[in-house]
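Everything below concerns the one structure shown next.
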Amino acid sequence: MRRADRLIRIVHFIRGRRRAVTAKRIAEEFEICTRTVYRDIQDLMNTGTPISGEAGVGYMIDKQYYLPPVTFDAEELEAIGLGISMVRQWSDERFAQKAGSAFAKIQAALPAGLQGELEQITTYSISNQSPAPWNVSFSDLRES
Numbered sequence: 099m100r101r102a103d104r105l106i107r108i109v110h111f112i113r114g115r116r117r118a119v120t121a122k123r124i125a126e127e128f129e130i131c132t133r134t135v136y137r138d139i140q141d142l143m144n145t146g147t148p149i150s151g152e153a154g155v156g157y158m159i160d161k162q163y164y165l166p167p168v169t170f171d172a173e174e175l176e177a178i179g180l181g182i183s184m185v186r187q188w189s190d191e192r193f194a195q196k197a198g199s200a201f202a203k204i205q206a207a208l209p210a211g212l213q214g215e216l217e218q219i220t221t222y223s224i225s226n227q228s229p230a231p232w233n234v235s236f237s238d239l240r241e242s
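In the numbering used here, the protein residues as written are 99 to 242.
In structure tokens, the structure reads:
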């Protein structure tokens, strides 16, 4: 298992427990040594993961902490980009702004190499040479 995957799984493992989880228990779960657990926990804390506790006592993560699972393959990014482009061009202004906001959040969560790819997809996926013969007010539709 790659280290990055293990760190994410450790966060989910600790967060899913009601009581503090010892390094020994984490080591058993992930088949690693306790020294590795201590290093991983310290690295997670250094990156801002709100882990409380200490060696010998156990570790906990605030239940409010959320680590969103965001991984997309190329085709999923293409579908997302196409959908965002369509909403931006064929919907009312308010809904188009929401699509732009969603785009910014998704793009910020992507690895640097994929951010440009998503930008390119949304920029070039649909060229608005002439206005669509219709315009849907999704905002009004949602309110009704």
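No residue lacks a Cβ here, since even glycine has one placed at the ideal position from N, Cα and C.
Inset, instruction - Taking 8 angstroms as the cut-off, decide whether the C-beta atoms of E47 and Q205 are in contact. - result: Because the chain is modelled from 99 through 242, residue 47 falls outside the range shown and cannot be assessed.
Inset, instruction - With DSSP as the reference, label V155 as helix, strand or coil. - result: coil
Inset, instruction - Output yes or no for whether 8 angstroms exceeds the beta carbon distance between T120 and G156. - result: yes
Inset, instruction - Reducing DSSP to helix, strand and coil, say where I130 ends up. - result: coil
Inset, instruction - Reducing DSSP to helix, strand and coil, say where S189 ends up. - result: strand
Legend entry - Counted within 10 angstroms of its Cβ, other Cβ atoms place A172 as buried (16 or more) or exposed: exposed
Inset, instruction - Starting from the C-beta of Y164, find all residues in its chain whose C-beta is less than 6 angstroms away, skip the five residues before and the five after it, and write them out in chain order. - result: none
Inset, instruction - Can you tell me which of the three DSSP states S183 falls into? - result: helix
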